[in-house]
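Peer 1:
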Amino acid sequence: MTDQPPSPEMSAPEMSAPEMSAPDTDKLEVFESTGSASKRWVPPQLVIGGVIVAFIVVIGLASLFWTPYDLDKVDVPNQFLPPGSDGYLLGTDKLGRDMTSQIMAGARNSLLVSVVSTIASLIPGVLIGLIAAGARPFPQRMISRVTDIGIALPGILVALVLATSLGPGNTTAIIAIMFWLIPMVARVTIGPARQILSRDFVEASQAYGRTRKFILFRHVLPNIGPLIIVQASVMFAIAILVEAALSYLGIGAQRPTPSWGRLLKEAQPLLDQAPYLMIIPGVSIMVAVIGFNLLGDGLRTYLDPQQTTKGAGV
Amino acid sequence: MVRVLVRAIASLLASAFMGSIIVFLLLRMLKGDVATVILGQTATREALEALREEMGLGAPLLQQYLEWIGGVLQGDMGTSYAAEFDIAHEIWVRVPLTFTLAFASLILSVIVALVLGTFSAIHVKDWRGTWVDILSQIGIAIPSFWLGLLMVTLFAVRLGWLPAGGYVPLTENFVGGVKSLTLPVFALAIPLSAVLVRYVRSGMLEVLDEDFIRTAQAKGLTLRRAAWRHGIRNASIPLVTITILQLGSLLAGAVVIENVFTLPGLGRMLIVAVGGREPLSVQSLALVLMLMILTLNFLMDIAYGLLDPRIRDSGRSAPMA
Amino acid sequence: MRTYKRSWLILSLLMAFALVAAACGSDDDGGSTADTAAAAAEPAEVQELTIAVAQEPANWDYVTNGATAIKTPLLYNVVETLVEKQADGSVAPMLAESWTVNTDGTVYTFTIREAKFHDGSDLDAGDVAYSLEYNRGGEGDITTPFDAVDSIEAADDRTVVVTLTQPSQAFLNGMARISSAVVPEGTGDDIAQGPIGTGPYVFIEWKPDVSVDMDRFADYWGDQPFFSDVTWRFITDETASLNALLAGDIDGVAGILGEGIDRVDEIDAADGFKILTVSGFEISYLSLNATAEIFQDPLVVQAVNHAVDRQPIVDAAFAGLGKLTCTFVNPPNEPWASEYCPYEYDPAKSRALLEEAGVPGLVIPFKYLTIAEFPPIQEVVTAQLSEAGFTVELEGRELTTYIDEILGESADYTFTSLSGPSTIDAWKCPGFFTLYCDPVFDQLLNDGDAAVDSAVTTELRRQAVEMHADAGYLIPIVAKLQAVAVRADLQGVKLFTAGSEFDLGYLTLE
Chain A
1185 MTDQPPSPEM SAPEMSAPEM SAPDTDKLEV FESTGSASKR WVPPQLVIGG VIVAFIVVIG
1245 LASLFWTPYD LDKVDVPNQF LPPGSDGYLL GTDKLGRDMT SQIMAGARNS LLVSVVSTIA
1305 SLIPGVLIGL IAAGARPFPQ RMISRVTDIG IALPGILVAL VLATSLGPGN TTAIIAIMFW
1365 LIPMVARVTI GPARQILSRD FVEASQAYGR TRKFILFRHV LPNIGPLIIV QASVMFAIAI
1425 LVEAALSYLG IGAQRPTPSW GRLLKEAQPL LDQAPYLMII PGVSIMVAVI GFNLLGDGLR
1485 TYLDPQQTTK GAGV
Chain B
2 MVRVLVRAIA SLLASAFMGS IIVFLLLRML KGDVATVILG QTATREALEA LREEMGLGAP
62 LLQQYLEWIG GVLQGDMGTS YAAEFDIAHE IWVRVPLTFT LAFASLILSV IVALVLGTFS
122 AIHVKDWRGT WVDILSQIGI AIPSFWLGLL MVTLFAVRLG WLPAGGYVPL TENFVGGVKS
182 LTLPVFALAI PLSAVLVRYV RSGMLEVLDE DFIRTAQAKG LTLRRAAWRH GIRNASIPLV
242 TITILQLGSL LAGAVVIENV FTLPGLGRML IVAVGGREPL SVQSLALVLM LMILTLNFLM
302 DIAYGLLDPR IRDSGRSAPM A
Chain C
25 MRTYKRSWLI LSLLMAFALV AAACGSDDDG GSTADTAAAA AEPAEVQELT IAVAQEPANW
85 DYVTNGATAI KTPLLYNVVE TLVEKQADGS VAPMLAESWT VNTDGTVYTF TIREAKFHDG
145 SDLDAGDVAY SLEYNRGGEG DITTPFDAVD SIEAADDRTV VVTLTQPSQA FLNGMARISS
205 AVVPEGTGDD IAQGPIGTGP YVFIEWKPDV SVDMDRFADY WGDQPFFSDV TWRFITDETA
265 SLNALLAGDI DGVAGILGEG IDRVDEIDAA DGFKILTVSG FEISYLSLNA TAEIFQDPLV
325 VQAVNHAVDR QPIVDAAFAG LGKLTCTFVN PPNEPWASEY CPYEYDPAKS RALLEEAGVP
385 GLVIPFKYLT IAEFPPIQEV VTAQLSEAGF TVELEGRELT TYIDEILGES ADYTFTSLSG
445 PSTIDAWKCP GFFTLYCDPV FDQLLNDGDA AVDSAVTTEL RRQAVEMHAD AGYLIPIVAK
505 LQAVAVRADL QGVKLFTAGS EFDLGYLTLE
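Protein chains in written order, with the working numbering: chain A, 1185 to 1498; chain B, 2 to 322; chain C, 25 to 534.
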């Protein structure tokens, strides 16, 4: 028995959210026969997702150079201005800080957390997956056991414990997210990697005298590459949601680090008084997550050789 | 067959053992200790040292681990330092709430996913299917705690239909219990059903094209009835698998939701015990949660292995749907 | 086809497993409630009350930990003191029917009233002497009134004699606080699990993370209270507790201190609810570590003091509620209260002082607690310090880690924001958190305590608090306003006469 489940399995641990999936193995064909891209149509999800993600990246990067107001400028007389007020597109918070500036900078922070935690999870996760796929049955089982434990370990616990020693903040959030993602990436990688390993051309390569390492990195890795790219976009989405949840529990980014999740936490007691303070960051999170998920869906469909409508939306 | 079973049990035990070490080591990273919590901010260093001594907080790691795991193996998880309650009993008292929450959300999500997923697959070519897609995308992206907070404001504070938080055990007051769980269950179930609906839909779509559906239609069944009869079979295995796999994240999501609705379940216990620097409680609780998830995986392995010869022979890597 | 059925079988099995678990667990619940029902007194008329409290203590040992969270449900409800402080500042009898003091103020003789403990035993002088000794051996604020105490003796069944080495104003005041809480002889070690007392309510059951349940005590020596069953519910999040109040799940929220303070106006305006406020027993302050390297230069300490503008801090963290103060007088209505304010808000002056000290842009590490009112205080103070030419380095900490780090003589912090119910006496050498030491300041307080004439005490204490404000290591911000949110028809909420209690005995419904 192996531990590769038959179907999609990866999901945000903090809330049931976007799923990560190993594509059906038959679809992997595409990764060997590239070059027919010109014939493909671009799925609408790819376009919509791409536009949303691009928008978030642009406002996030822009906030590094310019925001309408100084991020932490406390201006109590101008507190609780509703969205659309003169000079304040999204209004101001309890201390009179401009919400537009905070949302812009929050985009930057969400991107930072998700990019760092995704990359930091992908590299070890894929490595572990590849090594496991290429290993003999016993070490392979051992690695499977460890990833099982990693998945079963309540990720929230890692975050809570780290927050006591490192203090609440982005570092704590990123490490906690890595604890969640690495075993999942490893698990998602093993199956497709083994499928590739069983192909004829790999056997040919073996016969040709190539080392195991060469085969894993030169044959297997490029072939599961597109799959990894698809997963990465979904991991971005997961990271954004987890960061928000950790901030809600008070163990995510603290001021002056801007964060959508923390804006939600701060707005919570003011829900009756100034509901927009709760709605705006919440919608920002949703839009970002939708953007990354659509991008992932779009890429998956785009890379799907069958290009049938059934792939759309799934 | 026996070999398969023995091997699976052995690996479950090995995982549990490794897991206990990982959890134990993780808890050594906890900064600050229970003596500080008990004495509070007016404590003196001397009083803290004396209390630590008394509680045996400074024992060597290996000794601490062996004492803990030895106790657990005999069913004794020890007592908490400050409140002095029996940890095993405290966990046991909270299991019903967290399990009810998780399984009620699960059942609700599966039902919603089956209905909407089938609907979407049948109407794949028109706007009704598109609407389900859009709803599912939104549902996946909603932070569940945010949804929970909005629902509290609307249904509890504004409309006063449901309580804002707290838990009434179902056995004490059934109606009150159902009311206290309604909002948390929905907050967990909405994002989950948005995930599940996509699997139902794709499972459905795969069969709707196939010949036997056309045959069934030709025999006079409506597309909807044909879809229900045949499509659900096709969608069911990935659905069950994903559902079981989602249990782990559902339990984690419950931690946050229990916090939003102040429900005294396992998740609250985890947060309170970390805040109260109760490593024994946290370790034992984490071990229990890990064991639950590992056991579910184990049962799934066994069940698939025993029931389906095709899977048993080829390993579970074979696509089943 | 077959696999389809099997997969549903697996799911059904899992669900059945869950249901069995749920059923077993609840049986267990049933058992424990049956036990408590037996212990309850027979109710004349059932009147239930549920009050939310934000913090759940680690246990109920008020003798080793002075936290407000411990005292709020217990004081005057479960355990009672020898005497009780009245709203006008006078001292009234409680468990001591009467008392006398000798002419030089060193021998107090208390006559103890007839009363029963919740375990059925009778209160006598032995219990009182035991409890006073026990409290005297505790930790922190509870022990300070005993500083001048030489001996505590039960002269006979009803008489307790306390001999002091010198007169002490703090002693009788302390007997109206938790320091004289009485439990049956020999039960000190049981306090942590819920004390046995003589109060109108019996501590029935503590359900960790959920509630503490109390029942009316049928043999109470005083008038029977209106409510028969009281539940203190722990709701950590003030938003959640206020929501529960508005939704009608609970009857009141005791002590709104954190983020809930922003909603005080909203609750007060809401139909059927009211907010009661009273000047509280907690002062919010900034603390400078007197042993930190950067504060060895008095110019830097002055620069910090001139940088602080109190009103915006109070607006941001306490919704503008509370009494701004530059001196540490707690409670703020003490006779030695002072309007003295040595450092006016002047960021330009701070900059000049830093220049003068040769450290423009000085880096000041600011360690802060990441819960309750502390993040908004940190944000505003950070902005003010930056304005005044400092470079602030933030270090956010979670509660226990925070306390662990800032505590003791080797405290690992430079500058922080705190809040607490202490009195100025806590800053005798080494000062509470500040580690500030000045023998003259200590002498003023000691002389004030030993003075027989209370006018002299008042004068000396005023000098001490003003001198402490001059030193500048402790920067008081505001005497907090205690806010309690309750149903509009709940009457008789008696607020905070001894610090941190929520007296249930006078509550009724309209």
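Glycine included, every Cβ here is placed at the ideal spot set by N, Cα and C.
(1) Using beta carbons (cut-off 8 Å, strictly below), is residue 77 of chain C in contact with chain B?
(2) In terms of residues, what are the limits of the beta strand (DSSP E) holding residue 358 of chain C?
(3) Measure the beta-carbon distance from residue 302 of chain B to residue 9 of chain B and round it to whole angstroms, keeping in mind my assumption that it falls under 8 Å.
(4) Are any of the Cβ atoms in chain E nearer than 8 Å to that of residue 387 of chain C?
(5) In chain C, which residues lie with their C-beta within 8 Å of the C-beta of residue 269 of chain B?
(6) How would you list, in chain order, the residues of chain B whose beta-carbon sits under 7 Å from the beta-carbon of residue 1377 of chain A?
(7) Who are the near neighbours of residue 1392 of chain A in its chain, counting only those whose CB is closer than 7 Å to its CB and skipping five residues on each side?
(8) For the structure I just gave you, are there three or more beta carbon pairs, one from the segment 151-162 of chain C and one from the segment 191-211 of chain C, closer than 8 Å?
(9) Give the straight-line distance between the Cα atoms of residue 164 of chain B and residue 250 of chain C, rounded to the nearest whole angstrom.
(10) DSSP three-state call for residue 309 of chain C: helix, strand or coil?
(11) Hey, could you find the ends of the beta strand (DSSP E) residue 84 of chain C is sitting in?
(12) Strictly under 8 Å for the Cβ-Cβ distance: is residue 32 of chain B near chain C by that measure?
(13) Less than 8 Å between the C-beta atoms of residue 119 of chain C and residue 137 of chain C, yes or no?
(14) Output yes if chain B places a C-beta closer than 8 Å to the C-beta of residue 1283 of chain A; else output no.
(15) Along chain A, which residues have their Cβ under 8 Å away from the Cβ of residue 404 of chain C?
(16) Please decide whether residue 220 of chain C counts as near chain B, where near means a Cβ-Cβ distance under 8 Å.
(17) From the DSSP output, which residues share a beta bridge with residue 280 of chain C?
(18) Exposed or buried, what is residue 577 of chain C when buried is set at 16 or more other beta-carbons lying within 10 Å of its beta-carbon?
(19) Using a threshold of 8 Å, state whether the C-beta atoms of residue 480 of chain C and residue 276 of chain C are closer than that.
(20) In or out: residue 504 of chain C buried (at least 16 other Cβ within 10 Å) or exposed?
(21) For the segment 141-163 of chain B, list every residue whose C-beta sits within 8 Å of some C-beta in chain A, in sequence order.
(22) What are the start and end residues of the beta strand (DSSP E) that includes residue 235 of chain C?
(23) Any beta carbon of chain C sitting closer than 8 Å to that of residue 86 of chain B?
(24) Along the segment 1296-1325 of chain A, where does the CB come closer than 8 Å to a CB of chain B? Name the residues.
(25) Starting from the C-beta of residue 1335 of chain A, find all residues in its chain whose C-beta is less than 8 Å away, skip the five residues before and the five after it, and write them out in chain order.
(26) Compare the C-beta of residue 340 of chain C against all C-beta atoms of chain A and say whether one is closer than 8 Å.
(27) Does the beta carbon of residue 1457 of chain A come closer than 8 Å to any beta carbon on chain C?
(28) Are at least three pairs of beta-carbons, each pair with one atom in the segment 262-270 of chain C and one in the segment 1447-1456 of chain A, less than 8 Å apart?
(29) Please check the pair residue 1479 of chain A and residue 1417 of chain A, which I expect to be a contact at CB under 8 Å, by giving their CB distance rounded to whole angstroms.
(30) When burial is assigned at 16 or more other CB atoms within 10 Å of the CB, is residue 63 of chain B buried or exposed?
(31) Between residue 1474 of chain A and chain B, is the shortest Cβ-Cβ distance under 8 Å, so that the two count as touching?
(32) Contact criterion: CB-CB distance below 8 Å. Does residue 1276 of chain A meet it with respect to chain C?
(33) Using a Cβ cut-off of 8 Å (strictly closer), state whether residue 201 of chain C contacts chain A.
(34) In chain C, what lies closer than 8 Å to residue 39 of chain B by C-beta?
(35) Say whether chain C places a C-beta atom closer than 8 Å to the C-beta of residue 263 of chain B.
(36) Would you mind reading off the limits of the alpha helix (DSSP H) that contains residue 1292 of chain A?
Peer 2: To lay it out plainly:
(1) Here residue 77 of chain C refers to the residue found at position 53 when the third sequence is read from its first residue. At a cut-off of 8 Å between C-beta atoms, residue 77 of chain C does not count as an interface residue with respect to chain B.
(2) Working through the third sequence from its first residue, we reach residue 358 of chain C at position 334. From DSSP, residue 358 of chain C is part of no beta strand (DSSP E); its letter is neither H nor E.
(3) As a position in the second sequence, residue 302 of chain B is number 301, starting the count at 1. As a position in the second sequence, residue 9 of chain B is number 8, starting the count at 1. Yes, they are in contact, since the Cβ atoms of residue 302 of chain B and residue 9 of chain B sit about 6 Å apart, within 8 Å.
(4) The question asks about chain E, but that chain is absent: this structure's protein chains are A, B and C.
(5) Within the second sequence, residue 269 of chain B is the residue found at index 268, counting from 1. Within 8 Å Cβ-Cβ: 233.
(6) Walking along the first sequence from the start, residue 1377 of chain A turns up at place 193. Chain B residues near residue 1377 of chain A: none, gap ~11 Å exceeds 7 Å.
(7) In the first sequence, counting from the first residue as 1, residue 1392 of chain A sits at position 208. Non-local beta-carbon contacts of residue 1392 of chain A in its own chain, meaning distances under 7 Å to residues more than five positions away in sequence, are absent.
(8) Yes: the two stretches touch, three or more of their Cβ pairs being nearer than 8 Å.
(9) Residue 164 of chain B sits at position 163 when you count from the first residue of the second sequence. Residue 250 of chain C sits at position 226 when you count from the first residue of the third sequence. Rounded to the nearest whole angstrom, the CA to CA distance from residue 164 of chain B to residue 250 of chain C is 26 Å.
(10) In the third sequence, the residue the question calls residue 309 of chain C occupies position 285. Residue 309 of chain C falls in the strand class under three-state DSSP.
(11) Here residue 84 of chain C corresponds to residue number 60 of the third sequence, with the count starting at 1. Segment: none, residue 84 of chain C is in no beta strand (DSSP E) and carries neither H nor E.
(12) Here residue 32 of chain B refers to the residue found at position 31 of the second sequence. Cβ-Cβ to chain C under 8 Å: yes for residue 32 of chain B.
(13) Along the third sequence, one-based indexing puts residue 119 of chain C at 95. Along the third sequence, one-based indexing puts residue 137 of chain C at 113. By the CB criterion at 8 Å, residue 119 of chain C and residue 137 of chain C fall inside the cutoff.
(14) As a position in the first sequence, residue 1283 of chain A is number 99, starting the count at 1. Chain B, which has no Cβ nearer than 8 Å to the Cβ of residue 1283 of chain A, makes this no.
(15) If you number the third sequence from 1, residue 404 of chain C lands on position 380. Chain A residues near residue 404 of chain C: 1258, 1279.
(16) Along the third sequence, one-based indexing puts residue 220 of chain C at 196. For residue 220 of chain C, no CB of chain B lies under 8 Å from its own CB, so it is not counted at the interface with that chain.
(17) Position 256 of the third sequence holds residue 280 of chain C. Residue 280 of chain C has C:507 as its beta-bridge partners, per DSSP.
(18) In this structure chain C extends from 25 to 534, so residue 577 of chain C is not present and cannot be described.
(19) Along the third sequence, one-based indexing puts residue 480 of chain C at 456. Along the third sequence, one-based indexing puts residue 276 of chain C at 252. No, these two residues do not count as a Cβ contact at 8 Å.
(20) For the purposes of this step, residue 504 of chain C is taken as residue 480 along the third sequence, with counting starting at 1. Its Cβ being crowded by 16 or more others within 10 Å, residue 504 of chain C is buried.
(21) Per Cβ criterion, the list reads 141, 142, 143, 144, 145, 146, 147, 150, 151, 154, 158.
(22) Against the third sequence, residue 235 of chain C aligns to sequence position 211. Its beta strand (DSSP E) spans residues 235-240.
(23) On the second sequence, position 85 is the one that residue 86 of chain B refers to. For residue 86 of chain B, the answer is yes, since a Cβ of chain C falls inside 8 Å of its Cβ.
(24) Identification of residues in the segment 1296-1325 of chain A having a C-beta nearer than 8 Å to some C-beta of chain B yields 1325, given in sequence order.
(25) Working through the first sequence from its first residue, we reach residue 1335 of chain A at position 151. Non-local beta-carbon contacts of residue 1335 of chain A in its own chain, meaning distances under 8 Å to residues more than five positions away in sequence, involve 1367, 1368, 1371 in chain order.
(26) Walking along the third sequence from the start, residue 340 of chain C turns up at place 316. Yes, its Cβ sits closer than 8 Å to a Cβ of chain A.
(27) Indexing the first sequence from 1 puts residue 1457 of chain A at position 273. Yes, because at least one Cβ of chain C sits closer than 8 Å to the Cβ of residue 1457 of chain A.
(28) Short answer: they touch.
(29) Along the first sequence, one-based indexing puts residue 1479 of chain A at 295. Along the first sequence, one-based indexing puts residue 1417 of chain A at 233. Right, their Cβ atoms sit about 5 Å apart.
(30) Against the second sequence, residue 63 of chain B aligns to sequence position 62. By the beta-carbon neighbour count (other beta carbons within 10 angstroms, threshold 16), residue 63 of chain B is exposed.
(31) Stepping through the first sequence from its first residue, residue 1474 of chain A is reached at position 290. Residue contact check for residue 1474 of chain A against chain B: a CB pair falls below 8 Å.
(32) Position 92 of the first sequence, counting from 1, holds the residue named residue 1276 of chain A. No, its Cβ sits nowhere closer than 8 Å to a Cβ of chain C.
(33) The residue you call residue 201 of chain C lines up with position 177 of the third sequence. By this cut-off, residue 201 of chain C is not an interface position.
(34) Residue mapping note: residue 39 of chain B aligns to position 38 of the second sequence, counting from 1. Residues of chain C passing the Cβ test: 82, 83, 85, 88, 89.
(35) In the second sequence, residue 263 of chain B corresponds to position 262, counting from 1. Chain C contact via Cβ: present.
(36) For the purposes of this step, residue 1292 of chain A is taken as the residue at position 108 of the first sequence. Per DSSP, residue 1292 of chain A belongs to the alpha helix (DSSP H) from 1283-1318.
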